[in-house]
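Down below is the structure, laid out as structure tokens.
2 protein chains.
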Amino acid sequence: MTSPSAAIPAAATRSDAARNRGRLLDAAAGLIAERGSDVDVREIARRAEVGMGTLYRHFPTKEALLDAALEHVFTSWADAATAALTGRPWDDLARFLGDALTRQTASPGLLDAYCQALPGQAGNTARQHCRQQVGPLIAELVRAAHASGELRPDLTAEDVSLLLVALGRIAPVVPEPAWRRILHVSLDGLRSSAATSMPAPARPPGDA
Amino acid sequence: MTSPSAAIPAAATRSDAARNRGRLLDAAAGLIAERGSDVDVREIARRAEVGMGTLYRHFPTKEALLDAALEHVFTSWADAATAALTGRPWDDLARFLGDALTRQTASPGLLDAYCQALPGQAGNTARQHCRQQVGPLIAELVRAAHASGELRPDLTAEDVSLLLVALGRIAPVVPEPAWRRILHVSLDGLRSSAATSMPAPARPPGDA
DNA sequence: CGTGAAACGGAGCACTTGCTCCGCCTGCTC
DNA sequence: GAGCAGGCGGAGCAAGTGCTCCGTTTCACG
Chain W
0 MTSPSAAIPA
10 AATRSDAARN
20 RGRLLDAAAG
30 LIAERGSDVD
40 VREIARRAEV
50 GMGTLYRHFP
60 TKEALLDAAL
70 EHVFTSWADA
80 ATAALTGRPW
90 DDLARFLGDA
100 LTRQTASPGL
110 LDAYCQALPG
120 QAGNTARQHC
130 RQQVGPLIAE
140 LVRAAHASGE
150 LRPDLTAEDV
160 SLLLVALGRI
170 APVVPEPAWR
180 RILHVSLDGL
190 RSSAATSMPA
200 PARPPGDA
Chain R
0 MTSPSAAIPA
10 AATRSDAARN
20 RGRLLDAAAG
30 LIAERGSDVD
40 VREIARRAEV
50 GMGTLYRHFP
60 TKEALLDAAL
70 EHVFTSWADA
80 ATAALTGRPW
90 DDLARFLGDA
100 LTRQTASPGL
110 LDAYCQALPG
120 QAGNTARQHC
130 RQQVGPLIAE
140 LVRAAHASGE
150 LRPDLTAEDV
160 SLLLVALGRI
170 APVVPEPAWR
180 RILHVSLDGL
190 RSSAATSMPA
200 PARPPGDA
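Top to bottom, those sequences are chains W and R. By numbering that gives the first Met the number 0, the letter at position 84 of the first sequence is numbered 83, and the numbering carries on one by one without gaps. By numbering that gives the first Met the number 0, the letter at position 102 of the second sequence is numbered 101, and the numbering carries on one by one without gaps.
This is the structure:
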């Protein structure tokens with residue numbers, strides 16, 4: 000707000016500034032993954048081996064730092080998931096969900112950051128990033144699986160996202176076989192062959 | 000620890016003590032339901048209209064207070080759910096899950112308290128209470144639904160609990176029609192008719 | 001009633017956490 | 001190499017939190 004010079008942009012003019020910015024992003028991403036989004040700024044600075052002043056010179060606020068770090072993480076997730084596609088719609092969908100949950104297991108705090116402040120969604124940029132990065136991928140997976148007839152036709156991409164969030168909340172806190180069973184059951188519920196008539200979605204393609 | 004006289008027992012000798020204990024439990028339960036388990040002790044005291052000293056005279060620590068409050072809540076949940084049984088196994092199971100999620104919507108913080116510290120589960124007495132109160136009910140619902148043949152036979156009570164926890168994490172943060180759809184899909188996956196072969200449970204009847 | 005043990009209240013302590021301030025130092029430019 | 005804009009570090013501030021201390025008040029019993 001009252002800073003004489005604004006925050007350092009991503010492309011810094013000085014080499015040490017660029018390096019420190021990278022270190023801060025890495026440290027933040029690592030800590031979020033390990034412990035969720037309520038990390039101590041001091042600890043981020045310590046892990047990045049920079050001082051507090053440096054942290055706040057690069058990012059105006061803790062949230063801005065976490066936000067930038069999360070954007071990175073979600074982008075790389077979407078890239079990895081896209082690269083793993085095989086072209087067999089149902090397998091791709093099932094595998095995408097399984098991989099996403101495995102990833103979530105390794106980074107328990109990630110979804111936490113995503114979900115944080117979900118109801119009063121104002122200012123939750125983590126969600127926006129996730130939607131931008133992963134949303135289209137899910138939409139495509141759903142489209143393909145609909146086309147192949149294996150995915151129940153009344154299911155929307157929103158439903159799949161939501162299911163993934165739900166499963167993601169339990170995956171890190173129970174042993175893998177336990178959540179794999181729940182995923183398996185859920186996938187069985189997603190099949191066309193399992194479909195029973197379902198209540199309509201609330202909104203056409205909405206934001207929830 | 001160093002208190003001269005230990006905490007006041009549930010059955011207090013003085014009327015004001017008993018009343019204040021009740022007020023504290025009510026206030027704590029209300030606040031947990033609204034905002035999860037990271038409530039300010041001062042706010043609990045304020046809502047209960049007692050002082051800090053009174054709070055800490057009755058409960059040795061914040062956690063002990065929350066714990067006692069949660070036991071109440073879980074007990075009343077189990078009682079209400081038991082009272083709602085109709086004797087039709089599948090309907091009872093589906094209704095139990097729906098009601099549980101509705102309840103969760105009204106008290107977003109409840110599951111939060113339940114899940115808190117789930118991985119390092121040391122000292123999470125909320126979970127123990129929930130298991131003790133609702134665990135047997137779920138087990139009975141599953142048993143009956145197995146007997147009627149409608150619930151897929153490879154599904155355990157643990158699976159159902161876990162599914163409930165997962166859905167409970169999203170129910171409060173999306174509009175009701177959205178989570179009802181996910182519940183619907185999940186229920187379809189629970190039907191015998193939808194079953195495809197599933198990975199075995201990790202442990203016989205374990206604790207997870 | 002009177003009395004004393006017990007409960008009450010809330011200011012205050014110790015600690016954490018997000019963020020700021022400002023003197024020092026570094027790396028870029030000429 | 002010299003100068004200096006600009007980055008760096010970390011002590012410190014303000015706000016918030018769990019818990020304690022202790023003088024004051026209240027209930028129950030005789």
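Backbone N, C-alpha and C define an ideal beta-carbon position, used for all residues, glycine too.
Between the CA atoms of residue j and residue i - distance to the nearest angstrom
{"i": "R:Pro200", "j": "W:Arg18", "result": "47 Å"}
{"i": "W:Gly52", "j": "W:Asp39", "result": "15 Å"}
{"i": "W:Thr60", "j": "W:Arg20", "result": "14 Å"}
{"i": "R:Ala82", "j": "R:Gly134", "result": "16 Å"}
{"i": "W:Pro174", "j": "R:Gly188", "result": "21 Å"}
{"i": "W:Ala146", "j": "R:Phe95", "result": "35 Å"}
{"i": "W:Glu154", "j": "R:Pro176", "result": "With the sequence shown as reference, residue 154 of chain W is identified as Leu, and Glu is not the correct amino acid for it. So the alpha carbons of these two residues sit roughly 13 Å apart."}
{"i": "R:Ala28", "j": "R:Ala16", "result": "18 Å"}
{"i": "W:Ala80", "j": "W:Glu42", "result": "31 Å"}
{"i": "W:Gly50", "j": "W:Phe58", "result": "13 Å"}
{"i": "R:Arg34", "j": "W:Arg13", "result": "45 Å"}
{"i": "R:Thr124", "j": "W:Val164", "result": "26 Å"}
Cβ-based neighbour list, residue i, same chain, cut-off 8 Å, excluding 5 preceding and 5 following
{"i": "W:Ser191", "result": "Gly148, Glu149, Leu150, Arg151, Pro152"}
{"i": "W:Ala10", "result": "Ala17"}
{"i": "R:Val172", "result": "Pro107"}
{"i": "R:Ala194", "result": "Arg151, Pro152, Asp153"}
{"i": "W:Pro198", "result": "none"}
Short Cβ contact (8 Å threshold) for residue i with residue j
{"i": "W:Arg215", "j": "W:Ala63", "result": "What the structure shows of chain W is the stretch from 0 to 207, and residue 215 of chain W is not part of that stretch, so it cannot be assessed."}
{"i": "R:Ile181", "j": "R:Leu109", "result": "no"}
{"i": "R:Ala156", "j": "R:Ala144", "result": "no"}
{"i": "W:Leu69", "j": "W:Ala112", "result": "yes"}
{"i": "R:Val159", "j": "R:Val141", "result": "yes"}
{"i": "W:Arg45", "j": "W:Ile7", "result": "no"}
{"i": "W:Ser36", "j": "W:Leu65", "result": "yes"}
{"i": "R:Leu136", "j": "R:His71", "result": "no"}
{"i": "R:Arg168", "j": "W:Arg126", "result": "no"}
Cβ neighbours of residue i in the same chain (closer than 6 Å, five flanking residues each side left out)
{"i": "W:Leu186", "result": "Ala93"}
{"i": "W:Gln132", "result": "Phe73, Thr74, Ala77"}
{"i": "R:Pro88", "result": "Ala143, Ala144, Ser147"}
Enclosing alpha helix (DSSP H) for residue i [first to last residue]
{"i": "W:Thr53", "result": "51 to 57"}
{"i": "W:Ile181", "result": "175 to 189"}
{"i": "R:Gly86", "result": "Per DSSP, R:Gly86 belongs to no alpha helix (DSSP H) and is neither H nor E."}
{"i": "R:Asp25", "result": "14 to 34"}
{"i": "W:Arg46", "result": "40 to 47"}
{"i": "W:Ser147", "result": "It is not in any alpha helix (DSSP H) - W:Ser147 carries neither H nor E in the DSSP assignment."}
{"i": "W:Ala199", "result": "Here W:Ala199 belongs to no alpha helix (DSSP H), and DSSP marks it neither H nor E."}
{"i": "W:Ile169", "result": "156 to 169"}
Cβ-based neighbour list, residue i, same chain, cut-off 7 Å, excluding 5 preceding and 5 following
{"i": "R:Ala170", "result": "Leu100, Gln103, Thr104, Trp178"}
{"i": "R:Gly97", "result": "Leu182"}
{"i": "W:Leu212", "result": "Outside the shown range of chain W, which is 0 to 207, sits residue 212 of chain W, and nothing can be said about it."}
{"i": "R:Ser196", "result": "none"}
{"i": "R:Thr85", "result": "Asp91"}
Residue from the options with nearest C-alpha to residue i
{"i": "R:Leu67", "options": "R:Cys129, R:Ala138, R:Leu162", "result": "Note on identity: in this sequence residue 67 of chain R is Ala, with Leu being the wrong assignment. Checking every option, the nearest Cα to that of R:Ala67 belongs to R:Cys129."}
{"i": "R:Leu54", "options": "R:Val164, R:Pro198, R:Gly86, R:Ala26", "result": "R:Ala26"}
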